[in-house]
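With mature numbering (1 follows the signal peptide of the UniProt record, and there is no 0) applied, the sequence shown covers -18 to -1, 1 to 337.
Since the structure comes first, as structure tokens, the remarks are kept for the end.
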Amino acid sequence: MNARCAALAACLPSGAQAALLSSAPNIRYVSGYTGEGLALVAQDLRAIVTDFRYTEQAQRQAPDFEVFEIAPGERHEAVAYRLLQKRGVRTLAVEEDVLTVADYRELQKAMPDVSLVSLEGAPQRLRWIKDADELDMLERANRLTSDCFEHMCSFIREGMTEREIALEIDFWMMRRGSEGVSFETIVASGENGSLCHAIPSDRRVRSGDLITMDFGAVVGGYHADLTRTVALGAVSAECARMYETVLRAQLAALEAIRPGVVCSEVDAVARRIIDGAGYEGRFGHSLGHSAGLEIHENPGFSRRCQEPVAAGMVITVEPGIYVPGVGGVRIEDSVAVTQDGVRILTPASKELITL
């Protein structure tokens, strides 16, 4: 954590003497602390401001930080201001992309002689490149997720509801060590497959359905992400063609990823294949997103992202086709970018499995 704090202190905006963090993922990234409060970081400052409920937790989780407990009725900003005054801080970098207008005004009121400037997303940018510990957590989370998919292939039976399937996914992962779920598990069967973010329903799966499952485990605060589409019995020729097209697009995109390539170029590789197969307009979301302490991080594979890919990034690759009245297919892997390509973190089979 000391290295992360030093890196953040080194990339403060010009003139800023310290950073104030209020977002839980960024506080956890620099300190390991997972409770509520504020964190202050500078070259010679590591402080967490919290209340009685979290004081001991902060002391345990963030031994490199000094922990300050607010008095009953006192605001976190007031304690942070006193700490800044003692160190002569007059310019403070804050998370303008996280703070609400009301929070920002409270900071201004609590620190009348401190100039607030934007942190310009510095903590998030540091989080783009995962270190060895982060990669280990992501590997473990994605391995657990892949194991869950294998279990589901033997669990699903005709007549089960989407909701039953989703519950089994969640409970299976948590029984085996997941701290929760990366996001609300998606199970979409039959015609519901055209809903990209379908909510599991009471629809019962039946022979001829494609079933899309999108889910992820959480290990050490790091989020896995996997999508697979399976067949329950024989599916139509159109559904099989959709699957083949999505798989071809995904494999081509994986092959295109390497350090230095622009994110939008990877998105274009998959999109050209899907459009060229006659499904133009049926792949309406981005190809992928980074994942870590949050399930959706930057950069991502999209038409507008001009960031270059770099080794150490962990990004999803998830093309899909969605046809109302027919259904949908999505295939997603989480991958770690290496010096010469990618390492797939979700090794579950991508062949069309018939249950």
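Note that beta-carbon positions come from the ideal geometry of N, C-alpha and C, so glycine has one too.
Note that the coordinates shown come from a computational prediction; the quantities given were computed from them, not determined experimentally.
Alpha helix (DSSP H) segment containing residue i, residue limits
i    : result
A114 : 114 to 137
Y261 : Careful: Y261 lies outside any alpha helix (DSSP H) and carries neither H nor E.
Y304 : No alpha helix (DSSP H) contains Y304, which is instead part of the beta strand (DSSP E) from 302 to 305.
H278 : From DSSP, H278 is part of no alpha helix (DSSP H); its letter is neither H nor E.
L236 : 219 to 238
V83  : 83 to 92
R312 : Premise fails: R312 lies in the beta strand (DSSP E), 309 to 312, not in any alpha helix (DSSP H).
Contact under 7 Å by Cβ, residue i with residue j
i           : j      : result
F197        : I147   : no
A231        : I193   : no
A293        : T320   : yes
residue 346 : M134   : What the structure shows of the chain is the stretch from -18 to 337, and residue 346 is not part of that stretch, so it cannot be assessed.
V49         : Q43    : no
C245        : E289   : yes
A180        : T127   : no
E144        : S183   : yes
L101        : V83    : no
M119        : V201   : yes
R28         : C(-14) : yes
G270        : V299   : yes
G302        : R312   : yes
Q39         : G17    : yes
V248        : A238   : yes
L108        : A(-12) : yes
Assumed close pair residue i, residue j - CB separation to whole angstroms, cut-off 8 Å
i    : j      : result
V31  : I9     : With 8 Å as the limit, V31 and I9 do not qualify as a contact, their Cβ atoms being about 11 Å apart.
Q90  : L98    : 7 Å
V23  : M(-18) : Their Cβ separation, rounded to whole angstroms, is 10 Å, which puts V23 and M(-18) out of contact at 8 Å.
V317 : L236   : 7 Å
One or two residues paired with residue i in a DSSP bridge
i    : result
E48  : A29
V163 : A199
A1   : V23, A75
Y204 : V201
V212 : I193
H271 : G282
Three-way DSSP call (helix, strand, coil) for residue i in this model
i      : result
F197   : strand
T143   : strand
L98    : strand
R(-15) : helix
A293   : coil
V243   : coil
S183   : coil
V80    : coil
Continuous beta strand (DSSP E) stretch holding residue i: start and end
i    : result
V299 : 296 to 299
S13  : S13 -> not in any beta strand (DSSP E); alpha helix (DSSP H) instead, spanning 6 to 13.
D315 : 315 to 319
R325 : 324 to 326
Contact test: residue i Cβ vs the ligand MN heavy atom, cutoff 6 Å
i    : result
E121 : No copy of the ligand MN occurs in the structure displayed, which carries no ligand at all.
Any chain B beta carbon closer than 7 Å to residue i
i  : result
I9 : Considering every chain present, this structure includes no chain B. It has just one protein chain.
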